[in-house]
Amino acid sequence: MSGLEDLYREIILDHYRSPRNRGELDSPPAVRVEGFNPLCGDEIVVYVDVDDATKGDAALVTDIRIGGQGCSISQSSASMMSAAVKGHSIGEIRDLTKSFKSMMSIHEEGLEADGETDAAEELDAAELELGDLEALRGVVKFPVRIKCATLGWNTLQQGLDEAISS
Amino acid sequence: MALEQPKLQNHPSDDFDVLQIKRDFPILARRVHDKPLVFLDSAASSQKPRAVLQAMDCYYETINANVHRAAYTLAEEATNAMEAARSKVAAFIGATDANEIVFTKNATEAINLIARSWGAANLAPGDAILLTHLEHHANIVPWQQLAAERQLEIRWIPLTQDCQLDLSNLDALLEGVKIVALTSMSNVVGTITPVRAIADAAHAVGALVAVDACQSVPHLPTDVGQLGADFLTFSGHKMLGPTGIGVLWARKELLEAMPPFLGGGGMIVDVRLDGFLAAEAPHKFEAGTPPIAEIIGLGAAIDYLNCLGMDAVRKHEIALTAFALRHLSDRFGDRISLYGPQDAELRGGVMSFAFDQIHPHDLSQVLDQHGVCIRPGHHCAKPLMRLLGVGATARASWYLYNNEADITSLGDALEDAGKFFTF
Numbered sequence: 001m002s003g004l005e006d007l008y009r010e011i012i013l014d015h016y017r018s019p020r021n022r023g024e025l026d027s028p029p030a031v032r033v034e035g036f037n038p039l040c041g042d043e044i045v046v047y048v049d050v051d052d053a054t055k056g057d058a059a060l061v062t063d064i065r066i067g068g069q070g071c072s073i074s075q076s077s078a079s080m081m082s083a084a085v086k087g088h089s090i091g092e093i094r095d096l097t098k099s100f101k102s103m104m105s106i107h108e109e110g111l112e113a114d115g116e117t118d119a120a121e122e123l124d125a126a127e128l129e130l131g132d133l134e135a136l137r138g139v140v141k142f143p144v145r146i147k148c149a150t151l152g153w154n155t156l157q158q159g160l161d162e163a164i165s166s
Numbered sequence: 001m002a003l004e005q006p007k008l009q010n011h012p013s014d015d016f017d018v019l020q021i022k023r024d025f026p027i028l029a030r031r032v033h034d035k036p037l038v039f040l041d042s043a044a045s046s047q048k049p050r051a052v053l054q055a056m057d058c059y060y061e062t063i064n065a066n067v068h069r070a071a072y073t074l075a076e077e078a079t080n081a082m083e084a085a086r087s088k089v090a091a092f093i094g095a096t097d098a099n100e101i102v103f104t105k106n107a108t109e110a111i112n113l114i115a116r117s118w119g120a121a122n123l124a125p126g127d128a129i130l131l132t133h134l135e136h137h138a139n140i141v142p143w144q145q146l147a148a149e150r151q152l153e154i155r156w157i158p159l160t161q162d163c164q165l166d167l168s169n170l171d172a173l174l175e176g177v178k179i180v181a182l183t184s185m186s187n188v189v190g191t192i193t194p195v196r197a198i199a200d201a202a203h204a205v206g207a208l209v210a211v212d213a214c215q216s217v218p219h220l221p222t223d224v225g226q227l228g229a230d231f232l233t234f235s236g237h238k239m240l241g242p243t244g245i246g247v248l249w250a251r252k253e254l255l256e257a258m259p260p261f262l263g264g265g266g267m268i269v270d271v272r273l274d275g276f277l278a279a280e281a282p283h284k285f286e287a288g289t290p291p292i293a294e295i296i297g298l299g300a301a302i303d304y305l306n307c308l309g310m311d312a313v314r315k316h317e318i319a320l321t322a323f324a325l326r327h328l329s330d331r332f333g334d335r336i337s338l339y340g341p342q343d344a345e346l347r348g349g350v351m352s353f354a355f356d357q358i359h360p361h362d363l364s365q366v367l368d369q370h371g372v373c374i375r376p377g378h379h380c381a382k383p384l385m386r387l388l389g390v391g392a393t394a395r396a397s398w399y400l401y402n403n404e405a406d407i408t409s410l411g412d413a414l415e416d417a418g419k420f421f422t423f
């Protein structure tokens with residue numbers, strides 16, 4: 001069962017058993033966003049607080065909580081994400097999300113037509129420190145589970161967009 | 001008639017030889033992750049016996065031509081083969097007239113056809129539709145779409161603790177109802193519903209009954225007359241047939257009065273600049289070239305099932321379901337929760353369960369490493385999931401080609417998953 005050990009690394013199971021930042025925040029002031037994985041029925045709720053919404057992408061995430069239910073991959077990915085983003089600016093989190101997704105072999109199409117810019121940005125993103133999140137690299141071998149791993153991230157992105165637009 | 005039906009091996013019904021049956025299904029010989037395939041996801045889609053694959057090949061190799069309206073031999077033979085399959089389908093569900101069988105692309109389309117054609121012609125603002133908490137999204141969403149457009153009310157038959165329909169308030173629920181749409185067997189928890197009793201009560205207040213029989217037609221003897229149904233829908237691919245073919249059965253007078261669903265070729269007798277004249281049923285509802293090979297494949301699947309006998313299939317599945325309930329609860333005790341009726345006679349061979357607090361998606365991933373195919377998720381029944389208080393379940397479902405060894409393999413794989421995810 002070597003394939004399984006690639007998927008279920010010990011640190012993933014640890015985050016699944018003891019999820020970080022589990023719970024709720026008062027909303028408002030926090031933004032509350034729900035995400036669904038229609039394939040497996042996972043539901044995730046992300047609560048996110050920023051210091052100053054008027055700062056746009058420079059705003060700092062002061063607190064984050066994760067609710068909902070899901071499989072070990074979606075839950076551990078969201079748990080690691082919550083630990084990784086707290087205290088960081090929205091801009092930094094966008095970069096981190098990009099490098100996480102690129103590890104999941106998801107390359108979102110940029111709006112800019114200039115291919116060189118894209119490549120340069122990707123290189124920057126790849127250099128960002130993923131830390132514990134590296135443990136999720138094995139998910140790529142199980143394509144069905146990529147949606148599980150990215151559920152929390154997509155939900156957070158939506159939350160961040162809402163946080164600075166409100 | 002050039003279409004030679006592949007020879008079927010005869011399986012005497014008093015000797016249900018699953019090992020022999022397994023040999024009729026080529027895919028069951030394959031290995032997954034170097035383990036023998038243990039296929040326990042037939043509620044989603046069944047495997048196909050060689051006879052079905054051969055019948056479809058035979059069509060393409062010997063008589064392939066578009067059906068109807070051609071005078072050459074191939075077209076006539078293709079038409080005959082397709083219409084012969086229509087007769088087989090009718091006989092299989094106890095319909096008296098093959099023209100009561102409408103071919104659709106799947107059961108979902110068949111239900112949409114009822115909602116869009118019969119529903120649109122017969123339902124007015126304030127009318128009510130009665131569904132149950134067991135329904136598949138395919139038997140919910142088309143009615144919700146119609147209800148939103150027509151200001152209809154949707155009501156729900158609730159469930160008892162063990163996922164049977166709670167009919168204690170049925171008379172009140174039926175007030176003002178024009179159609180009851182219900183499953184005959186839950187695709188999540190296996191509950192067989194008392195269609196006849198509900199149909200009698202519905203008819204007494206002038207309501208019609210549409211039965212989503214996707215899970216029951218493949219597994220139980222079916223007689224539309226005995227069920228008291230007005231409409232019955234099911235799909236080919238869950239009953240040993242190919243994908244891409246579904247069936248709507250409706251009483252002839254209903255079909256005759258219903259307006260066409262999709263428009264196009266094949267569903268008309270005349271088209272002029274100022275309008276068209278619709279064909280008779282069933283052709284009125286079969287616009288465009290039908291899935292001819294799939295219809296012929298479905299006919300071959302019915303031959304195969306008839307060869308075994310649906311009473312024998314049901315008897316086998318009751319025994320296997322009873323074994324599964326006993327084996328899994330004896331082996332795992334409190335570690336496993338088996339949803340739905342605990343009496344095998346009251347349910348089909350589809351079983352949702354929770355195991356060791358392992359998320360169904362993770363469970364199914366580990367089981368796959370053992371070659372065991374089960375399905376995690378909401379099974380297109382989110383209202384039922386909410387009622388059960390879970391986001392997803394693991395679901396194992398068996399069929400005529402499964403035996404006790406397959407259930408034991410499921411148990412072994414669960415054991416291993418339990419070790420892997422020890423908390």
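Chains as they are written, first to last, in our numbering: chain A, 1 to 166; chain B, 1 to 423.
Cβ coordinates follow ideal geometry from the N, Cα and C atoms, glycine included.
Here the structure is a predicted model, which is why all the values come from computation and not from measurement.
Whole-angstrom C-beta distance between residue j and residue i, which should lie under 8 Å
i                      : j                      : result
residue 47 of chain B  : residue 401 of chain B : 7 Å
residue 59 of chain B  : residue 293 of chain B : 5 Å
residue 43 of chain A  : residue 75 of chain A  : Actually they are not in contact, since the Cβ atoms of residue 43 of chain A and residue 75 of chain A sit about 11 Å apart, beyond 8 Å.
residue 219 of chain B : residue 348 of chain B : 5 Å
residue 35 of chain A  : residue 164 of chain A : Actually they are not in contact, since the Cβ atoms of residue 35 of chain A and residue 164 of chain A sit about 18 Å apart, beyond 8 Å.
residue 41 of chain A  : residue 385 of chain B : 6 Å
residue 35 of chain B  : residue 370 of chain B : 6 Å
residue 246 of chain B : residue 115 of chain B : Actually they do not touch by this definition, with Cβ atoms about 14 Å apart.
residue 337 of chain B : residue 354 of chain B : 4 Å
residue 50 of chain A  : residue 33 of chain A  : In fact, because the Cβ distance is near 13 Å, the residues do not count as touching under 8 Å.
residue 84 of chain A  : residue 133 of chain A : 6 Å
residue 346 of chain B : residue 198 of chain B : Their Cβ separation, rounded to whole angstroms, is 15 Å, which puts residue 346 of chain B and residue 198 of chain B out of contact at 8 Å.
residue 92 of chain B  : residue 302 of chain B : 5 Å
residue 159 of chain B : residue 387 of chain B : 6 Å
residue 393 of chain B : residue 352 of chain B : 4 Å
Test item: CB-CB of residue i and residue j under 8 Å
i                      : j                      : result
residue 132 of chain B : residue 165 of chain B : yes
residue 299 of chain B : residue 90 of chain B  : no
residue 90 of chain A  : residue 78 of chain A  : no
residue 431 of chain B : residue 214 of chain B : As displayed, chain B neither begins before 1 nor continues past 423, which places residue 431 of chain B out of reach and without an answer.
residue 41 of chain B  : residue 71 of chain A  : no
residue 323 of chain B : residue 407 of chain B : yes
residue 248 of chain B : residue 110 of chain B : yes
residue 211 of chain B : residue 232 of chain B : yes
residue 368 of chain B : residue 335 of chain B : no
residue 101 of chain A : residue 150 of chain A : yes
residue 78 of chain B  : residue 65 of chain B  : yes
residue 170 of chain A : residue 37 of chain A  : Since the first residue shown for chain A is 1 and the last is 166, residue 170 of chain A is missing from the structure and cannot be characterised.
residue 15 of chain A  : residue 104 of chain A : no
residue 366 of chain B : residue 413 of chain B : yes
residue 209 of chain B : residue 180 of chain B : yes
residue 147 of chain B : residue 157 of chain B : no
residue 183 of chain B : residue 136 of chain B : yes
residue 49 of chain B  : residue 304 of chain B : yes
residue 200 of chain B : residue 228 of chain B : yes
Closer than 7 Å: residue i CB and nearest the ligand FAD heavy atom
i                      : result
residue 363 of chain B : Here there are no bound small molecules, and the ligand FAD is not part of this structure.
Using 8 Å as the cut-off, can you tell me whether the segment 85-94 of chain A makes contact with the segment 28-36 of chain A, which would need three or more C-beta pairs spanning the two stretches below that distance? no
Scan the segment 10-96 of chain B and note each continuous alpha helix (DSSP H) run of 4 residues or more that stays entirely inside, going in chain order. 18-23, 50-58, 73-92
Taking three-plus beta-carbon pairs below 8 Å as touching, is the segment 255-273 of chain B in contact with the segment 13-33 of chain B? Contact fails: fewer than three Cβ-Cβ distances are below 8 Å.
Could I get the ranges of all uninterrupted beta strand (DSSP E) runs contained in the segment 22-68 of chain A, with 3 residues as the minimum, in chain order? Listed in chain order, the complete beta strand (DSSP E) runs (minimum 3 residues) inside the segment 22-68 of chain A are 31-37, 42-50.
Taking contact to mean 3 or more Cβ pairs, one atom from each stretch, closer than 8 Å, check whether the segment 125-144 of chain B and the segment 274-284 of chain B are in contact. no
Touching by the beta-carbon criterion (3+ pairs, under 8 Å), the segment 96-113 of chain B and the segment 251-262 of chain B: yes
Near-chain B residues of the segment 42-64 of chain A - C-beta to any C-beta below 9 Å: 42, 43
Tell me which residues of the segment 5-26 of chain A have at least one Cβ-Cβ distance to chain B shorter than 8 Å, keeping chain order. 7, 8, 13, 17
Give, in chain order, every unbroken run of the beta strand (DSSP E) that is at least 3 residues long and sits entirely within the segment 99-156 of chain B. 101-104, 128-132
What residues from the segment 377-395 of chain B come within 9 Å of chain A, judged by C-beta to C-beta, listed N to C? 377, 378, 379, 382, 385, 390, 391, 392, 393
Unbroken stretches of the alpha helix (DSSP H), 4 residues or longer, contained in the segment 300-383 of chain B: 310-332, 360-369
Chain B contacts made by the segment 73-91 of chain A, where a contact means CB separation under 7 Å: none
Report the residue ranges of all beta strand (DSSP E) runs contained in full by the segment 165-201 of chain B; include only those spanning at least 3 residues, in chain order. 177-183
For the segment 359-371 of chain B, enumerate the residues whose C-beta is nearer than 8 Å to any C-beta of chain A, in chain order. 359, 360, 361, 362, 365, 366, 369
What are the residues in the segment 24-46 of chain B lying within 9 Å of chain A by C-beta distance? 33
At a CB distance below 9 Å, what residues from the segment 140-160 of chain A approach chain B? Give them in sequence order. Per Cβ criterion, the list reads 142, 144, 145, 148.
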